[in-house]
Amino acid sequence: MIVRNVKDVIGTDQEIVTENWVSRRVLLSKDGMGFSFHETVIFPGTETHIHYQNHLEAVWCIEGDGEIETIADGRRFALVPGVVYALDQHDEHWLRGGREPLRVICVFNPPLTGREVHDDSGVYPLERREVGSAA
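Residue numbers for the sequence shown follow our numbering, so the first one is 13 and each next one is one higher.
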């Protein structure tokens, strides 16, 4: 069994901080679960281009507000607590922070190693899968 507290990730190499968001990666590929599990906070007033060509992602909005816009068709969806969206078609999109920090819970398949950040195309690279003992 793996038991972790997201507070224990803060300030470690499993917390990735960028200009637009902070991602606390709680479960990673090395945990052998077949997915990774993250808490991410999108900062207010930001806009991030994302295009996960190598990963599928499901996102559950639990606090704050924001917006997602699919680039292919320009559809916009309000993000508020209770909304879940799944990027099941590797959907290229804009993720925008609203007036308050948007806190979301994310699941990635294949799982992330924990070091990934978006490249210039909005993509997370496909890292070598790491499986090991859970710490």
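A virtual CB, placed ideally from N, CA and C, is assigned to each residue, including glycine.
In chain order, which beta strand (DSSP E) runs of at least 3 residues are fully inside the segment 53-101? Counting only runs of 3 or more, we get 59-62, 68-75, 78-82, 88-91 and 96-99.
In angstroms, rounded to a whole number, what distance separates the CA positions of ARG37 and VAL119? So the two alpha carbons sit approximately 10 Å from each other.
Hey, ILE62 and ASN32: beta-carbon distance below 8 Å or not? Not a contact, by the Cβ cut-off of 8 Å.
ARG108 and GLY76 - do their beta-carbons sit closer together than 8 Å? Contact flag unset, no.
Using 8 Å for Cβ pairs, my map puts HIS50 next to ASN121. What's the rounded Cβ distance? Contact flag wrong, Cβ pair sits at about 12 Å.
I need the DSSP call for VAL15, collapsed to helix, strand or coil. Of the three classes helix, strand and coil, the one that applies to VAL15 here is coil, per DSSP.
Would a check of beta-carbon distances place ARG37 closer than 8 Å to chain E? Judged by its chain identifiers, the structure shown contains no chain E, having just a single protein chain.
Can you tell me where the beta strand (DSSP E) with SER35 in it begins and where it stops? First-last of the beta strand (DSSP E) with SER35: 33-39.
To the nearest angstrom, how far is it from the Cα of GLU79 to the Cα of VAL34? The straight-line gap from Cα to Cα measures roughly 17 Å.
Can you give the Cα-Cα distance for GLU27 and VAL15, rounded to whole angstroms? Roughly 17 Å between the two C-alpha positions.
Under a three-way DSSP split, which group does GLU142 fall into? At GLU142 the pLDDT is 49, less than 50, meaning the model places this residue with poor confidence and gives no usable figure here.
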